[in-house]
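Below: one structure, written as structure tokens.
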Amino acid sequence: HIINFKLSAVYNNDTSESTFNEMIHAPNLIMESWSINDSTGNGNGKLDPGETADFFITMKNTGTTVATNVLGLLSSGNEYVTINNPSVSYGDLKPDSSRVETYSVTADPDTPDATTAVFNFNWVADNNISGADSLDIIIGQKPVVIIDLAGTTISPDSMVQCLDILSTPSDVVSAIPDNLNEYKCAF
46 HIINFKLSAV YNNDTSESTF NEMIHAPNLI MESWSINDST GNGNGKLDPG
96 ETADFFITMK NTGTTVATNV LGLLSSGNEY VTINNPSVSY GDLKPDSSRV
146 ETYSVTADPD TPDATTAVFN FNWVADNNIS GADSLDIIIG QKPVVIIDLA
196 GTTISPDSMV QCLDILSTPS DVVSAIPDNL NEYKCAF
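Numbering (the numbering used here), first residue to last: 46 to 232.
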């Protein structure tokens with residue numbers, strides 16, 4: 046960061062002005078990335094109902110001095126989510142360095158498929174450094190989406206009837222969904 050200074054001096058009703066810039070140095074922390082490892086579950090890289098997964102959250106110091114005693118706090122207001130270790134120490138982060146830490150998260154077995162969970166990630170460090178970010182994940186997947194691009198109901202209705210016999214819920218939509226990851230299967 047650069048601070049601009051303007052200096053004014055007055056002597057015998059004469060004013061002289063001068064400006065100068067000074068570079069200041071400080072840490073700047075960001076959440077660089079995150080990922081989910083559910084290798085103890087079904088290994089699909091997502092949090093599913095009844096599963097405990099590791100959330101890997103990477104913090105980065107993009108500033109010009111060391112950030113000391115960095116602490117991350119993961120939280121969620123979602124009733125189906127339990128964060129088993131919400132507070133994790135990242136230690137000291139040197140300028141332009143990153144560190145990955147692990148948070149253990151469990152989804153209740155009764156979590157409805159395709160439930161969106163918002164996770165809030167806050168951090169603090171010495172010298173009143175703080176910040177926040179968030180991540181949204183989908184817990185589980187809906188079984189089936191039927192995409193009816195032709196606008197006819199004959200084929201989708203027949204598919205829904207077959208799926209109903211199998212007790213398999215489905216959604217019928219007229220356009221490709223923005224997030225196909227909500228579904229296990231698309232027709």
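Idealized CB from N, CA, C, for every residue including glycine.
None of the values given here were measured: they were computed from a predicted structure.
Go ahead and pull the three-state DSSP assignment for N226. Counting from one through the sequence shown, the residue named residue 226 turns up at place 181. In this structure, N226 counts as helix in the three-state DSSP scheme.
For the putative contact between D173 and L118, defined by C-beta atoms under 8 Å, what is the C-beta separation to the nearest angstrom? On the sequence shown, residue 173 is found 128 positions in, with the first residue counted as 1. On the sequence shown, residue 118 is found 73 positions in, with the first residue counted as 1. Correcting the residue identity first, residue 173 is Asn in this sequence and not Asp. The distance from the Cβ of N173 to that of L118 is about 16 Å, inconsistent with a contact at the 8 Å cut-off.
Which residues does DSSP list as the beta-bridge partners of K139? In the sequence shown, counting from the first residue as 1, residue 139 sits at position 94. None, per the DSSP bridge assignment.
Touch check for the segment 209-229 and the segment 135-155: three-plus C-beta pairs under 8 Å? No: the two stretches stay apart, fewer than three of their Cβ pairs being nearer than 8 Å.
Taking all protein chains shown into account, decide if Y228 is buried (16 or more other Cβ within 10 angstroms of its Cβ) or exposed. By one-based count along the sequence shown, residue 228 stands at place 183. By the 10 Å Cβ count, Y228 comes out buried.
Helix, strand or coil, according to DSSP, for S203 in the structure here? One-based indexing of the sequence shown puts residue 203 at position 158. If DSSP states are grouped into helix, strand and coil, S203 belongs with the helices.
Cutoff 7 Å; reference S179; Cβ partners in own chain excluding five residues on either side: Sequence index remark: in the sequence shown, residue 179 carries index 134 (1-based). Short of 7 Å from the beta carbon of S179, and not among the five residues preceding or following it, lie these beta carbons of its own chain, in chain order: V163, F164, N165, F166.
Sequence-distant residues of its chain with Cβ nearer than 8 Å to E135 (five each side left out): The sequence position of residue 135 within the sequence shown is 90, counting from 1. Inspection of the sequence shows that residue 135 is occupied by Tyr rather than by Glu. Within its own chain, the residues whose Cβ lies closer than 8 Å to the Cβ of Y135, once the five positions on either side in sequence are excluded, are M104, V115, L116, G117, R144, E146, W168, listed in chain order.
Return the residue from the list F232, I221, S132 that minimises the CA-CA distance to V205. Here the question's residue 205 lines up with position 160 in the sequence shown. The option with the nearest alpha carbon to V205 is F232.
Less than 6 Å between C-beta atoms, sequence neighbours within five positions excluded: which residues of the same chain meet that for G196? The residue labelled residue 196 in the question sits at position 151 within the sequence shown. Close CB contacts of G196 within its chain, under the 6 Å cut and outside five residues either way in sequence, are absent.
Contacting residues, own chain, Cβ-Cβ under 6 Å from N87 (five flanking each side not counted): Here residue 87 refers to the residue found at position 42 when the sequence shown is read from its first residue. Beyond the five residues adjoining it in sequence on each side, N87 comes within less than 6 Å, by CB distance, of no other residue in the same chain.
In the DSSP assignment, the beta strand (DSSP E) including L194 goes from what residue to what residue? On the sequence shown, position 149 is the one that residue 194 refers to. From DSSP, L194 is part of no beta strand (DSSP E); its letter is neither H nor E.
Excluding the 5 residues preceding and the 5 following L208 in the sequence, name in chain order all residues of the same chain whose CB lies nearer than 7 Å to its CB. On the sequence shown, position 163 is the one that residue 208 refers to. So the list reads V189, S215, once near-sequence residues are dropped.
Using a Cβ-Cβ cut-off of 8 Å (strictly less than) and excluding sequence neighbours within five positions of D193, which residues of its own chain qualify? The residue given as residue 193 occupies position 148 in the sequence shown. Closer than 8 Å at Cβ, skipping near neighbours: S200, P201, V217, V218, S219.
Local conformation of I210 per DSSP, three classes: Locating residue 210 in the sequence shown gives position 165, counting from the first residue. Residue state, collapsed to three classes: helix.
If you drop the 5 nearest sequence neighbours on each side, which residues of the same chain put their C-beta closer than 7 Å to that of I221? Counting from 1 along the sequence shown, the entry for residue 221 is found at position 176. Counting only residues of its own chain and dropping the five nearest sequence neighbours on each side, I221 has a CB closer than 7 Å to the CB of I192.
Taking 8 Å as the threshold (beta carbon to beta carbon), is P188 in contact with chain B? Among the protein chains of the structure shown there is no chain B, as only one such chain exists.
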